[in-house]
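Accompanying notes for the structure given below.
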Amino acid sequence: MIIPAYDEDASILRTCQTILDYNKTHHTNYDFIVINDSSNDSTGEILDKANLPHIDHIYNLGIGGAMQTGYKYARDYGYDIAVQFDGDGQHDIGSVATLIQPIQENRADLVIGSRFITKTGKFRSTFARRIGIKLISSYMYLLTRRRISDTTSGFRACNRHLITTFARDYPSEYPEPVTTTFCLLRHDRVTEVPVTMNARAAGSSSIHTWKKAYYMINVFLTLLVVKIRGRY
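The opening residue of the sequence shown carries number 6 in the numbering used here; numbering runs sequentially from there.
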């Protein structure tokens, strides 16, 4: 489980403890690595003090750079499945088994945890963001002829094949819709499963109101480049 973290001192310890507690009560053995993306707060100190497995970036590389570091770690240490798991408490550890099952059964290369397949779940994002997700979903359908309901979901899992691919090259911006589009265009097996997500335990999203239009335009342009060039 790859946990990218930037200024998550209010929630990172709780997130890691959730995984450790789940392993004890459910007799699972989910390994995790926190990628501390050069946080300005005390995230690094908390991870050091608690002796939790982590890698510290010297410079802030963003979500894409943090995830690529995690994929390199998974590749080099021989993992067959990598799960992206947010450090802010949004992702439900109880949904990991559902997320990785299609990979374990060799039915998928990339599995996306979706808030929108069913109506269940504690948190399904704000109304404005749901509209943005639907717009990106429609645009991705035009490019790939595949419908993905939760295009910006960071709760996802991939197999060894994609671990190796993502360790070699991973987009620094808009990584979730970009990598999903990339995988669909090259006919990797991509599927969605219903998962539970929670509201952030602390902090705030990096996408604010004034950024939404800029974000959408750039996502559309980036996905178009992926379609034309066949890579990101």
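Note that the Cβ used here is the ideal one computed from N, Cα and C, for glycine as well.
- Ranking A133, F160 and L190 by CA distance to the CA of K216 puts A133 first.
- T157 and R150 have their alpha carbons spaced roughly 18 Å apart.
- Looking at the backbone, the Cα of I122 and that of T201 are separated by about 11 Å.
- The shortest C-alpha to C-alpha distance from T23 to any of D46, G99 and A71 is the one to G99.
- In this structure, I63 keeps its C-beta atom at 8 Å or more from the C-beta atom of I38.
- Ranked by Cα distance from R173, the first of G75, D97 and D46 is G75.
- Rounded to the nearest whole angstrom, the C-alpha separation of Q109 and A204 is 29 Å.
- Within the same chain, V224 and T227 come within 6 Å of Y179 by CB-CB distance, once the 5 residues on both sides are set aside.
- Between S142 and G94, the C-beta spacing is not below 8 Å.
- Taking the CA atoms as reference points, R194 sits about 13 Å from R165.
- The alpha carbon of H31 has as its nearest neighbour, out of E50, D14, Y237 and V101, the alpha carbon of V101.
- The Cβ atoms of I117 and I153 lie closer than 8 Å to each other.
- Burial check for G159: the Cβ neighbour count within 10 Å reaches 16 or more, so the residue is buried.
- A distance of 8 Å or more separates the beta carbons of Y78 and D42.
- With 16 or more other CB atoms across the displayed protein chains lying within 10 angstroms of its CB, D114 is buried.
- Of the candidates Y220, C163, A162 and V231, the residue whose Cα lies closest to the Cα of L190 is V231.
- By the neighbour-count definition (other C-beta atoms within 10 Å, threshold 16), G92 is a buried residue.
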